[in-house]
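In UniProt numbering, the protein residues as written are 1 to 37.
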């Protein structure tokens, strides 16, 4: 597999991972806000 392909795959993977995390954090924060108040 060429290096550029590997990089593009890795970046895509990292981006989806980050998106999932930010979604989860946002969800948890809204849950906590609701729970606390």
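Just so it is clear, CB atoms sit at the ideal spot from N, CA and C, and this is done for glycine as well.
For residue i, the three-state DSSP class (helix, strand or coil)
i	result
residue 8	helix
residue 37	coil
Alpha-carbon spacing of residue i relative to residue j, whole angstroms
i	j	result
residue 27	residue 2	38 Å
residue 7	residue 15	12 Å
residue 37	residue 31	10 Å
residue 22	residue 29	10 Å
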